[in-house]
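Participant: 206 is the number that the numbering used here gives to position 166 of the sequence shown; each next residue is one higher, with no gaps. All C-beta atoms in this analysis are idealised placements derived from N, C-alpha and C, irrespective of residue type, glycine included.
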Amino acid sequence: MRNVRPALWFDLVLLALFAAITVALALRTPLLSVDLAVRDLVDAHRPTWAYWTARVFNYLGQGGQVLTPLAVLTAVYVGWRTHSVRPALPVIAGYAITYLTIGPLKLWTDRTAASDHKVVHPEYLFHVPTGMSYPSGHVVNAIVWYGVLAILLGGLLRPGQLRVIRYGAPAVVLFTTTYLSFHWVTDGLAAICLGIVLDRVLQRVPWNAIPLPSWFTTRGWSGPIAY
Numbered sequence: 041m042r043n044v045r046p047a048l049w050f051d052l053v054l055l056a057l058f059a060a061i062t063v064a065l066a067l068r069t070p071l072l073s074v075d076l077a078v079r080d081l082v083d084a085h086r087p088t089w090a091y092w093t094a095r096v097f098n099y100l101g102q103g104g105q106v107l108t109p110l111a112v113l114t115a116v117y118v119g120w121r122t123h124s125v126r127p128a129l130p131v132i133a134g135y136a137i138t139y140l141t142i143g144p145l146k147l148w149t150d151r152t153a154a155s156d157h158k159v160v161h162p163e164y165l166f167h168v169p170t171g172m173s174y175p176s177g178h179v180v181n182a183i184v185w186y187g188v189l190a191i192l193l194g195g196l197l198r199p200g201q202l203r204v205i206r207y208g209a210p211a212v213v214l215f216t217t218t219y220l221s222f223h224w225v226t227d228g229l230a231a232i233c234l235g236i237v238l239d240r241v242l243q244r245v246p247w248n249a250i251p252l253p254s255w256f257t258t259r260g261w262s263g264p265i266a267y
């Protein structure tokens, strides 16, 4: 496994923060008042031009429609340049790790969106069986998938450009999902904790050292990801 800084303690802190946010919401602590205050603030300051601008930028976190196809196309391009199937590995892993975490958590926590004004106390966890707001899938997807893109493009882009991809895009998604009331602010904060942990799992994998079937190695399709 590759070393990722900070060390494992950082992942444990993030998981503890995720658990703390979840418990605080489940126990209906004053943290819910923060969610309501932020929701009311953004609802009162959302002119039409800002709404549509945020909607456009919010697509940066659209997993199935934008990020997954983008990652697949990038993997195909990098694989063609490097004559290797290895670029497909982080894409497959990214899809699996998000599929196995985001969906089950959303189904379990039963929280509706911040824009749902038809439900009494929409801010509650374990309250609306059809709710799928917690944690924010857009934010988790953004962190994980832009991390995958950074892995694929590590040999092409400069470190500063990679940082913009890895951190800038998820920050935009966090803001837009909250500003549009697609999610409560705590949905996004919990998603940051979870998303960074998942991203760090993928960053630890030595993608260029994973053994491949002999069919690929004998035909010269086992080169490194970076080029």
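(1) Quick check: the Cα distance between E163 and L196, rounded to an integer number of angstroms?
(2) Does the pairing of the region 245-253 with the region 112-122 give three or more beta-carbon distances under 8 Å?
(3) Across the region 117-132 and the region 224-238, are there enough close Cβ pairs to call them in contact, namely three or more that are closer than 8 Å?
(4) Please say whether N181 and T152 have beta carbons closer to each other than 8 Å?
(5) Mark Y99 as exposed unless 16 or more other C-beta atoms lie within 10 angstroms of its C-beta, in which case mark it buried.
(6) Does the distance from the C-beta atom of V184 to that of L238 stay below 8 Å?
(7) Are any of the Cβ atoms in chain B nearer than 8 Å to that of I236?
(8) Does R45 pass the burial test, meaning 16 or more other C-beta atoms within 10 Å, or should it be called exposed?
(9) If V82 and Y219 are in contact, beta carbons under 8 Å, what's the gap, nearest whole angstrom?
(10) To the nearest angstrom, how far is the alpha carbon of D156 from that of M41?
(11) May I ask you to report which of helix, strand or coil DSSP gives S269?
(12) Does S262 come out as helix, strand or coil in the three-state DSSP assignment?
(13) Determine, using beta-carbon pairs with one atom in the region 124-138 and one in the region 229-243, whether at least three such pairs fall under 8 Å.
Facilitator: Considering the structure as presented:
(1) 44 Å
(2) no
(3) no
(4) no
(5) exposed
(6) yes
(7) Given the protein chain composition of this structure (a single chain), no chain B is represented.
(8) exposed
(9) 5 Å
(10) 44 Å
(11) With the chain represented from 41 up to 267, any question about residue 269 goes unanswered, as that position is not in the structure.
(12) strand
(13) yes
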